[in-house]
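FYI, UniProt numbering numbers position 260 of the sequence shown as 260, with every residue one higher than the one before it.
We treat Cβ as the ideally placed atom computed from N, Cα and C, and that holds for glycine.
Owing to the predicted nature of the structure, the values given are computational and were not obtained by experimental measurement.
Here's the structure we're looking at; comments come further down.
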Amino acid sequence: MSSSMVSVVACMSAVCENGAKKDFFGFSKYNCKVGVGNKKKMRCVLAKFQYSKTCNGLSFCNSCLVSNGFCSVDGWRSGHPGCWKSKFSGSAQQGGIRATAVPPVMEGEGTSKKKPPTKKRRVVVTGMDVITPNGQDPDVFYENLLQGISGISEIESFDCSQFPTRIAGEIKSLSTAGWIAPKLSKRMDKFMLYALTAGKKALLDGGITEDVMKELNKARCGVLVGSGMGGVKVFSDAIESLRISYKKMNPFCIPFATTNMGSAMLAMDLGWMGPTYSISTACATSNFCILSAANHIIKGEADMMLSGGSEAIIEPVGLGGFVACRALSQRNNEPTKASRPWDSNRDGFVMGEGAGVLLLEELEHAKRRGATIYAEFLGGSFTCDAYHMTEPHPKGAGVILCIEKALAQSGVSREDVNYINAHGTSTPAGDLKEYQAIVHCFGQNPELRVNSTKSMIGHLLGAAGAVEAVATIQAIRTGWVHPNINLDNPDKGVEDGNNKHEKRAFEGFNFIIL
Numbered sequence: 001m002s003s004s005m006v007s008v009v010a011c012m013s014a015v016c017e018n019g020a021k022k023d024f025f026g027f028s029k030y031n032c033k034v035g036v037g038n039k040k041k042m043r044c045v046l047a048k049f050q051y052s053k054t055c056n057g058l059s060f061c062n063s064c065l066v067s068n069g070f071c072s073v074d075g076w077r078s079g080h081p082g083c084w085k086s087k088f089s090g091s092a093q094q095g096g097i098r099a100t101a102v103p104p105v106m107e108g109e110g111t112s113k114k115k116p117p118t119k120k121r122r123v124v125v126t127g128m129d130v131i132t133p134n135g136q137d138p139d140v141f142y143e144n145l146l147q148g149i150s151g152i153s154e155i156e157s158f159d160c161s162q163f164p165t166r167i168a169g170e171i172k173s174l175s176t177a178g179w180i181a182p183k184l185s186k187r188m189d190k191f192m193l194y195a196l197t198a199g200k201k202a203l204l205d206g207g208i209t210e211d212v213m214k215e216l217n218k219a220r221c222g223v224l225v226g227s228g229m230g231g232v233k234v235f236s237d238a239i240e241s242l243r244i245s246y247k248k249m250n251p252f253c254i255p256f257a258t259t260n261m262g263s264a265m266l267a268m269d270l271g272w273m274g275p276t277y278s279i280s281t282a283c284a285t286s287n288f289c290i291l292s293a294a295n296h297i298i299k300g301e302a303d304m305m306l307s308g309g310s311e312a313i314i315e316p317v318g319l320g321g322f323v324a325c326r327a328l329s330q331r332n333n334e335p336t337k338a339s340r341p342w343d344s345n346r347d348g349f350v351m352g353e354g355a356g357v358l359l360l361e362e363l364e365h366a367k368r369r370g371a372t373i374y375a376e377f378l379g380g381s382f383t384c385d386a387y388h389m390t391e392p393h394p395k396g397a398g399v400i401l402c403i404e405k406a407l408a409q410s411g412v413s414r415e416d417v418n419y420i421n422a423h424g425t426s427t428p429a430g431d432l433k434e435y436q437a438i439v440h441c442f443g444q445n446p447e448l449r450v451n452s453t454k455s456m457i458g459h460l461l462g463a464a465g466a467v468e469a470v471a472t473i474q475a476i477r478t479g480w481v482h483p484n485i486n487l488d489n490p491d492k493g494v495e496d497g498n499n500k501h502e503k504r505a506f507e508g509f510n511f512i513i514l
């Protein structure tokens, strides 16, 4: 059954590089400057959407929309505009999840006296890291996105000459030296290597040195890094070994194939004893994990959480499975142009692999240790299409409901949203349904910009949401929104929503106007 999640992320308002405005909303075909240097303080919200992957009418995973909200926090990172504090101290708390203290009833006392609810705990991002096809560091990764550099290329890890699709967002090499013990590194599945490496690098980015680690209450630190498919290679290799004899099978093939093992191994390595598990909801995995991790902090169950997703499915069984679904692009002669969200010539999505991990932390906890705060989490929501196992709802009912609930819970009005890092997988049905849901919810917003990170790195499945959350936070930090490459001819279903005035705006302002 299709599930939906929406994430609301606050950032700065966007203007075109040449200062042009527009009357509707549009895809970011070129780099956009986001409010840095503007005379008046701007506030915007980035809504992160995950939607179904479809090709030739066949949607083959959860129809998902996941909500993870982030905002820049005024005064905590010098040189970057922040959000209006009144939005967070007031409306942002209405309808949100609260950790409420219930006073005990003492003998002889009545029940009419109630202790006021405790102040809502706020969640901030203090560290992050990515392992992607076009960068294994957040700054390198985002700089490549801003430059429109694609990480999609021919598959080299195995012979795929007999497959109709021979391209992917493949990680050609990864050094785990200094991050993972050599013995474990040889045994683990790649999704675990990605998760542990990105997780430890996120800690370092967050200023968690060995000395700081010793001071942490590890019972209040947890790990929630999910995976959509888990240890595909380890399990696939075990099946091949079984063809000879069960005695040839890797004794770790079962535990290392489970989706929770990345979180478990990372927690064991760090000695963290707080909430530790994984969520597997196909392409919505990372965002479910991030939202759930934030909720643990909000409810007072943890002070610090490593959260995100990891995926390594570029294997014969993974490639073959998606080929059987007729879901993948076959633009083998032009790998960098294969992923083209919302373009009329898109022919399916491109597989990708990697990991994204955020270090989420309770605000006061972060301030006490002098952490650098990148962004603040505002909220999100879960819904379900309740329509079909794979096909998205024809009217996008679940997606729209999820967006509206996420905005309400986050205390953010739709008029404040001016950037959407969309799911945008480059599939015919999925892209169009997502666009229609965006039009329904944000169609009258004159500041809205939309892009898809997948146009340059492919679809990282369970890791997609976390990697794109990092891209979103980098947009907040730098003030720049990356382009949506390969959008040469917008789909008719997208263009049909325009009137003549909006089309003229597109022709003059370097944006795809929807």
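Non-local C-beta neighbours of M192 in its own chain, meaning closer than 8 Å and more than five positions away in sequence, comprise G231, F256, M261, G262, M265 and S310, ordered along the chain.
With respect to E315, S236 sits close: the two C-beta atoms are nearer than 7 Å. Minimum Cα-Cα distance from E301 among the listed residues I403, E361, C283 and R477 corresponds to E361. Taking the Cα of A406 as reference, the smallest distance to any Cα among C441, T425 and K433 is reached at C441. Secondary structure at D303: coil, using DSSP grouped into helix, strand and coil. I131: member of the beta strand (DSSP E) spanning V123 to I131, first to last residue. Runs of beta strand (DSSP E) with 3 or more residues, each lying fully within the segment 191-228, are found at 221-226, listed in chain order.
The straight-line gap separating the alpha-carbon atoms of K183 and T258 is approximately 20 Å. Per DSSP, C289 is one residue of the alpha helix (DSSP H) stretching across T285 to I298. The three-state secondary structure of V412, taken from DSSP, is coil. Pairing G462 with A198, the inter-Cα distance amounts to about 14 Å. Cβ neighbours of V317 within its own chain (closer than 7 Å, five residues either side excluded): V232 and S236. Excluding sequence positions up to five before and after T165, its CB lies within less than 6 Å of the CB of V323, L328 and Q330, all in the same chain and listed in chain order.
N333 sits exposed, since fewer than 16 C-beta atoms from the chains shown fall within 10 Å of its C-beta. The segment 426-433 and the segment 404-418 do not touch, with fewer than three beta-carbon pairs separated by less than 8 Å. Secondary-structure assignment with DSSP links T276 through a beta bridge to V223. T383 is not a Cβ neighbour of G396, given a cutoff of 7 Å. If you look at E362, you'll find it in the beta strand (DSSP E) that goes G354 to E362. Apart from the 5 residues on each side of it in sequence, A293 sits with its Cβ closer than 6 Å to the Cβ of L224, M305, S307 and L360 in its chain, given in chain order. Apart from the 5 residues on each side of it in sequence, E170 sits with its Cβ closer than 7 Å to the Cβ of P133, S153, I155, E156, S157, I314 and E353 in its chain, given in chain order.
When the Cα atoms are used, P335 and G274 turn out to be separated by approximately 43 Å. CA-CA distance, H423 to G151, rounds to 17 Å. Taking the C-beta atoms as reference points, L487 is found nearer than 7 Å to D343. In this chain, the beta strand (DSSP E) harbouring C384 covers G380 to C384. For I476, the enclosing alpha helix (DSSP H) covers residues A464 to T478.
At the C-beta level, A464 and C283 come within 7 Å of one another. Counted as a single uninterrupted DSSP element, the stretch harbouring E376 is not any alpha helix (DSSP H) but the beta strand (DSSP E) occupying residues A375 to F377.
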